[in-house]
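Position one of the sequence shown corresponds to residue 17 (this note's numbering), numbered consecutively onward. Note that CB positions come from ideal geometry on N, CA and C, so glycine has one too. Computed from a predicted model, the values in this text were never measured in an experiment. Below you'll find the structure, written out as structure tokens, and then a few comments.
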Amino acid sequence: MKEFERMLAGCTFIVTGATGFLGSAFVRTLLEHQAKVIVIARRSSDHWRLSKYRNKYLVFTTELGGVCDFDIDKPEQTILVHFSASGVNQRDDDVEQMVQTNIVGTYHVLNFANEKKLKRVVLIGTSGEYGSGYGLTETAP
């Protein structure tokens, strides 16, 4: 694991969707390996999954579909990981919220990364994005 920690040394991770199931697991792993983490979350987000680490990461809040603005010390060493999504749960049927989060929100995240000249952006998705309709094969286009 020391090799992993060396790879993380000096890097800052900005994480959206960090209070969700996958995002919080990612943030916990980063923090356990001494990475610097900045969380972008909605004001209404519940940080219970990260409560053990609450004093180890910075939080900036924004409203649905937006991104906040803050200075980045070393953009060449900053990686933005975008977990934030709506509609992956079968119970979600608020189309307007899905559009605001998944399309408008992602647009703002990508603009933010471009304006700040961040090193890398990673977009995270799950199998839930494909719904429960027709199955996909490994060779599907």
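Let me make sure I understand the geometry here. Which of VAL138, PHE76 and GLY26 has the alpha-carbon closest to that of GLN50? Counting from 1 along the sequence shown, the entry for residue 50 is found at position 34. Of the listed residues, the one whose Cα sits closest to GLN50 is GLY26.
Residue ranges of each beta strand (DSSP E) run of no fewer than 3 residues wholly in the region 46 to 73, ordered along the chain? 52 to 58
Below 6 Å CB to CB, which residues in the same chain sit around SER61 once its five sequence neighbours on both sides are set aside? Numbered from 1 along the sequence shown, position 45 holds the residue referred to as residue 61. Within the same chain, SER61 has close Cβ partners THR35.
What is the DSSP secondary structure of PHE99, counted as helix, strand or coil? The sequence position of residue 99 within the sequence shown is 83, counting from 1. It is coil, neither helix nor strand.
Taking C-alpha atoms, which residue in VAL53, VAL138, LEU66 and ASP110 lies nearest to THR122? Along the sequence shown, read from residue 1 onward, the residue named residue 122 stands at position 106. Per the Cα distances, VAL138.
Below 6 Å CB to CB, which residues in the same chain sit around LYS52 once its five sequence neighbours on both sides are set aside? In the sequence shown, counting from the first residue as 1, residue 52 sits at position 36. Same-chain partners within the cutoff: THR28.
Smallest Cα separation from THR142: which of SER102, ARG136 and ARG65? By 1-based counting over the sequence shown, the position of residue 142 is 126. Of the candidates SER102, ARG136 and ARG65, the one whose C-alpha sits nearest the C-alpha of THR142 is SER102.
So what does DSSP say about THR117, is it helix, strand or coil? Start at 1 with the first residue of the sequence shown, and residue 117 comes out as number 101. THR117: helix per DSSP, three-state reduction.
Would you kindly check if the distance between the Cβ of ILE88 and the Cβ of ARG136 is under 9 Å? Taking the sequence shown and counting its residues from 1, the one referred to as residue 136 is at position 120. Taking the sequence shown and counting its residues from 1, the one referred to as residue 88 is at position 72. Contact: no.
Local Cβ density within 10 Å of ASN119, reported as buried at 16 or more and exposed below that: Against the sequence shown, residue 119 aligns to sequence position 103. Reading off the sequence shown, one finds Ile at residue 119, where the question assumed Asn. Exposed, since its Cβ has fewer than 16 Cβ neighbours within 10 Å.
C-alpha gap between ARG70 and PHE76, whole angstroms: For the purposes of this step, residue 70 is identified with residue 54 of the sequence shown, where counting begins at 1. For the purposes of this step, residue 76 is identified with residue 60 of the sequence shown, where counting begins at 1. Cα to Cα, ARG70 sits roughly 13 Å from PHE76.
For PHE29: DSSP bridge partner residues: As a first step, residue 29 must be located in the sequence shown, where it is residue number 13. PHE29 pairs with VAL53 and ILE95.
Under the assumption that VAL43 contacts LEU24 (Cβ atoms under 8 Å), give the Cβ distance between them as a whole number of angstroms. Here residue 43 refers to the residue found at position 27 of the sequence shown. Here residue 24 refers to the residue found at position 8 of the sequence shown. Between LEU24 and VAL43 the Cβ distance is about 13 Å, and since that is not below 8 Å, they are no contact.
Residues of its chain near GLY33, where Cβ-Cβ distance is below 8 Å and the 5 sequence neighbours each way are ignored: For the purposes of this step, residue 33 is identified with residue 17 of the sequence shown, where counting begins at 1. Result list for GLY33: GLY39, HIS98, PHE99, SER100, ALA101 and ILE140, in chain order.
Look at the alpha carbon of PHE86 and the alpha carbon of THR155, and state the distance between them as a whole number of angstroms. By one-based count along the sequence shown, residue 86 stands at place 70. By one-based count along the sequence shown, residue 155 stands at place 139. Computed Cα separation, rounded: 42 Å.
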